[in-house]
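Those protein sequences? They're chains A and B, same order as listed. The first sequence runs 1 to 507 under UniProt numbering. The second sequence runs 1 to 507 under UniProt numbering. Heads up, the beta-carbon is just placed ideally off N, CA and C, and yes, glycines get one too. Read through the structure below, which is laid out as structure tokens, and then see the notes.
Protein chains: 2
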Amino acid sequence: MLPSCRESIKTAVLLVPKFARFDRCVHTVRLKPNYTSVNYNVSRGGFAHLQKQHLYFFRDLLGEHRMISDTIELEKYNVDWFNNLRGCSSLVLKPKTTQEVSQILSFCNQENLAVSPQAGNTSVVGGSVPVFDEIILSTELMNKIISIDDTSGVVVCQAGCVLENLDTAVAEKGLMVPLDLGAKGSCQIGGNVSTNAGGLRLFRYGNMHGNVLGLEAVTADGNIIECLGTLKKDNTGYHLKHLFIGSEGTLGIITKVAIQCTTRPTCQNVAFLGAQNFRKVLKTFKLAKQDLGEILSAIEVMDSATMEFIGEKLNINSPIGDYPFYLLLETSGSNTNHDSEKIFKFLEIALNSHFILNGTVAVEHAKINALWSVRERIPEGFNLCGHLFCYDVSLPVENYFILVDEMKIHMGSLADRVFGFGHLGDGNLHLQIETKEFSQQIKDHLEPYIFKRTAQFGGSISAEHGMGFLKAKYLNLARPPSTVNFMKDIKQMFDPKGILNPYKVFP
Amino acid sequence: MLPSCRESIKTAVLLVPKFARFDRCVHTVRLKPNYTSVNYNVSRGGFAHLQKQHLYFFRDLLGEHRMISDTIELEKYNVDWFNNLRGCSSLVLKPKTTQEVSQILSFCNQENLAVSPQAGNTSVVGGSVPVFDEIILSTELMNKIISIDDTSGVVVCQAGCVLENLDTAVAEKGLMVPLDLGAKGSCQIGGNVSTNAGGLRLFRYGNMHGNVLGLEAVTADGNIIECLGTLKKDNTGYHLKHLFIGSEGTLGIITKVAIQCTTRPTCQNVAFLGAQNFRKVLKTFKLAKQDLGEILSAIEVMDSATMEFIGEKLNINSPIGDYPFYLLLETSGSNTNHDSEKIFKFLEIALNSHFILNGTVAVEHAKINALWSVRERIPEGFNLCGHLFCYDVSLPVENYFILVDEMKIHMGSLADRVFGFGHLGDGNLHLQIETKEFSQQIKDHLEPYIFKRTAQFGGSISAEHGMGFLKAKYLNLARPPSTVNFMKDIKQMFDPKGILNPYKVFP
């Protein structure tokens, strides 16, 4: 038997987060986290342990250069982006083709070896790292763009394409991948689809269920599910591909995707606005939907505590002075003059109606980026706190900030700061609780309370980040028992031995 | 045992099609079709036959006024819209609540009674009528709108709401149901979702997978699957609702839906254009996507044979003179001046680039309707032919008209006319073959040839109409065996006795 998890001592090690937009963190020296299995007291499933003869099989299939078993090299695959979770896999496999994925899974299924699928490893709920010694199947070498059709706007590619690279490639044909998120420089499209990733412009372009025209996936026994259609309309039998969208690699590993790209907008505007209270934020939101209609592409919100947070941590200040709430609205269209006229007219009405107190509009690229950076750089401050408890929830838009207010009261002096920001257009709140340091007592005061209240407000305990490992135990708060039972039946059907991404999604 | 199918004699009967937009057909006297089971030589499944004690159960549950067993009244539920198919159900049940649907299905499952779910009965592939004596479960009384949230734009309603009524209700809040189709005056939203209906504006607003935020469905054993979320972002476990979207009532009966409406556009323009050949149609299509971008809401095409057809049958003439191809483009936006400027600029470029030979733009409501009617009234001519073989397929947009040309050659003198029109923006072709009368020989010459060629061109044998009864036998042309096997496994899981919509989808 090869080495398994035994150490649990924190060791100083240089971990380099890969997020392109978070590059200020690059040189932070971070402590290696404890093993997840120890920290969270998890019992290992009855999977086989990796043996030498298994390695021989994989070596014959991939060659040694597409396997990683060196302890130092393994580290970045075993540890999650937030540096909170750590598996102890002793093997990373890097297939290049669907056939190789199929052969790997078929063999693992036969040998009862657990597999942790990994794309860009940018999950913030521990969905992409092993919990024990699962074999890590990395899609990073499956990065071929197969075709871009500039008439239909469909791109077909392997699952390991990095989102930003894919978007750059389609941009040459006047197209845009209808998905944008902070981790775009590292995350892979297969991971995006597996987690039904949301991001900044879901409000305009919809989610993966609407934009993925087809996909190919390999189930636990190596069976290749071929649903790689490129047609906008295809109603021939069950729409199986949707089972793989958002199931976080527990039903199969996505190997290829076909995505409907949108025409790349030729002009953008961004407005940054200040409002007196959340009621007026909502009035502004409704006005924007009405007056900016088809060109509105993002609508973000943050509270004054968020602005204070980035002021303190990153020396970023509000571009319009201090207000209780801030809105960032983006428009994307095909005619600069038309869009500018619309946004300035909207701004005038919003000001005259006293929905907003102040605002600025950027029409030039540099100023647009400057305004967006106020919103996009918030996560850079996360690593500069004592400790930050981060929650990604959805709420009915009328109740969007109720949870922030309630958590301020609930936490009292336990928290240094409670703040909220996020994608207002989608009802997606990122709720943050800053404390001096991590404490189990504080965590127990937060969870499951925060999830219970989210559910009571008619919200979702995971908006865009999935369940992964960290939220899996709260599945019963999110879904009624009959639905959970159906999920279990489907898991049993697709992966009877449970080898695919174990300890994730299900409690 | 109650009466079952024995007659198969054609009887003259006044059948009144319910399509709001096809009201010119209303007074046509049509012959009752032969029984489907006889015409298509189908063997009845091993389901129980309806007994008196079953009727007592249903009477106790619903009362006699919500059951139909009168032969004349039953007819409109037993016969399909095209008047080609005829079941011989002796019972229609009209539940009003999810609980009643659950009790009906639970009982039918226990008694092994087959059920044919029926919404607006506007299927053109025989998906909504029984084949034998299945009990018809009609959702027509489940027509309550539960809530309309004008901030988030979400409408929640029962499955039996007629699409047009739903759209009228949300219009009062400045919203629009992101789905429009010819049958809107009769079809019900539950049927639309069950069949993943497409229609005229899918190009802009996407399909049901993108627009349905949540649904509630009842499985064969009466289990209520509760996925009626109203949030744009919710990633908590498997996305089960998508299994019910497009599975045509074979996995469960949808009882409620939550739909993300879009802001209702305040202005529309329609351009009607003539082009020399399909290559130039495609150039126009690409130009429109680029220059009309965010306001383009429909892009329809028809060939000269289609124009001749409606000229002969309906006395409708081209509003711009005769051309080999015609395009209809619609824009929908929030600013009349901006949209008009965009569409006139587009038209100027298209003319100057010789992509189009002629064109007219309508900005007024009456003229817009007049231009749309050229496209929308095509189906009115269908009942005025000797016989018309109708096919709804998707093709890669570059190959969109190849199949029309090929079928002209393939049919030779067997056909009086072969013509094609449809939703170019979605690659969705409606291919029609007009003959003097129905003949099995002609049908055998057409099928499965037409489906095989569609598949060979990379298309889909059912774009927006589903498989229903008529296309079920060609499932193996549309899906590889491994995928069909997965479909069967899922069917087995959700409906082990196969009582839900038997003889549909699967061969």
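Pick from A:N317, A:C261, A:G311, A:G210 that is closest to I245 (chain B), judged by C-alpha positions: A:G210
Strictly by DSSP, which residues pair up with F325 (chain B)? Its beta-bridge partners are B:A275, B:D303.
Let's test the definition: count the other Cβ atoms within 10 Å of the Cβ of L292 (chain A) and tell me whether it reaches 16, buried, or not, exposed. Label assigned to L292 (chain A): buried.
Taking DSSP as the reference, what is the three-state secondary structure of L91 (chain A)? coil
Is there a C-beta anywhere in chain B that falls below 8 Å from the one on F486 (chain A)? Yes - at least one Cβ of chain B is within 8 Å of the one on F486 (chain A).
Would the beta-carbon of G198 (chain A) fall within 8 Å of that of E464 (chain A)? yes
Take T151 (chain B) as the anchor and find which of B:G160, B:K173, B:V505, B:Y40 has the nearest alpha-carbon. B:K173
When you compare each of A:S186, A:V363, A:H239, A:T284 to T266 (chain A) by their alpha carbons, which one comes out closest? A:V363
Who are V155 (chain B)'s beta bridge partners in DSSP? B:I148, B:I259
Residues in the stretch 212–230 of chain A having any Cβ partner in chain B nearer than 8 Å: When CB distances to chain B are screened at a threshold of 8 Å, the residues of the stretch 212–230 of chain A falling below it are N223, I224, I225, E226, C227, G229, T230, in chain order.
State yes or no: is the C-beta of V156 (chain A) within less than 8 Å of the C-beta of V170 (chain A)? no
Separation of I450 (chain A) from N41 (chain A), as counted between CA atoms: 22 Å
In three-state DSSP terms, what is D489 (chain B)? Looking at D489 (chain B) - three-state DSSP - the assignment turns out to be helix.
Alpha-carbon spacing of A478 (chain B) relative to F457 (chain B), whole angstroms: 12 Å
Compare the C-alpha of L403 (chain A) against each of A:E437, A:Q440, A:S353, A:G459 and name the closest. A:G459
Applying a beta-carbon distance threshold of less than 8 Å, which residues of chain A neighbour G459 (chain B)? L231
Buried or exposed: which applies to F438 (chain B), given that a residue is buried once 16 or more other Cβ atoms fall within 10 Å of its Cβ? F438 (chain B) is exposed by the Cβ-count criterion.
If the cut-off is 8 Å on Cβ atoms, which residues from the stretch 430–443 of chain B count as contacting chain A, listed in chain order? Result list empty, no residue passes.
Between V156 (chain B) and chain A, is there a C-beta pair that is closer than 8 Å? no
Which residue comes first and which comes last in the beta strand (DSSP E) that contains C227 (chain B)? 224–227
Closer than 9 Å, Cβ to any Cβ of chain A: which residues of the stretch 236–248 of chain B, in chain order? For the stretch 236–248 of chain B, the residues whose beta carbon sits under 9 Å from a beta carbon of chain A are, in order, T236, G237, Y238, H239, L240, K241, H242, L243, I245, G246, S247, E248.
Simplified DSSP state of I409 (chain B), which is helix, strand or coil: Reduced to three states, the DSSP call for I409 (chain B) is helix.
Against G190 (chain B), what residues of chain A qualify as contacts under a CB-to-CB distance less than 9 Å, listed in chain order? Correct list: empty, because the minimum Cβ distance to chain A is about 16 Å.
Identify the contact partners of S152 (chain A) in chain B, using a Cβ-Cβ distance below 9 Å as the criterion. P396, V397, E398, G427
Identify the contact partners of V505 (chain B) in chain A, using a Cβ-Cβ distance below 7 Å as the criterion. G237
Could you tell me the boundaries of the beta strand (DSSP E) in which E364 (chain B) lies? Neither: E364 (chain B) is in no beta strand (DSSP E) and is coded neither H nor E.
Confirm, please, whether the CB-CB distance from L202 (chain A) to K232 (chain B) is below 8 Å. yes
Are F57 (chain A) and A114 (chain A) close, meaning C-beta to C-beta below 8 Å? no
Assigned secondary structure, G422 (chain B) (DSSP; H/G/I helix, E/B strand, else coil): strand
Can you tell me which of the three DSSP states Q51 (chain A) falls into? coil
My guess is that P130 (chain A) and N83 (chain A) are in contact by the Cβ rule of under 8 Å, so how many angstroms apart are they, rounded? Not quite, the Cβ-Cβ distance comes to about 15 Å (not below 8 Å), so this is no contact.
Coil, strand or helix - S116 (chain B) by DSSP: strand
Mind checking which residues open and close the beta strand (DSSP E) that includes F389 (chain B)? DSSP places F389 (chain B) inside the beta strand (DSSP E), whose first and last residues are 387–394.
Let's test the definition: count the other Cβ atoms within 10 Å of the Cβ of L31 (chain B) and tell me whether it reaches 16, buried, or not, exposed. exposed
In terms of residues, what are the limits of the alpha helix (DSSP H) holding G191 (chain A)? 189–194
Taking the beta carbon of E64 (chain A) as the centre, do at least 16 other beta carbons fall within 10 Å, making it buried, or is it exposed? exposed
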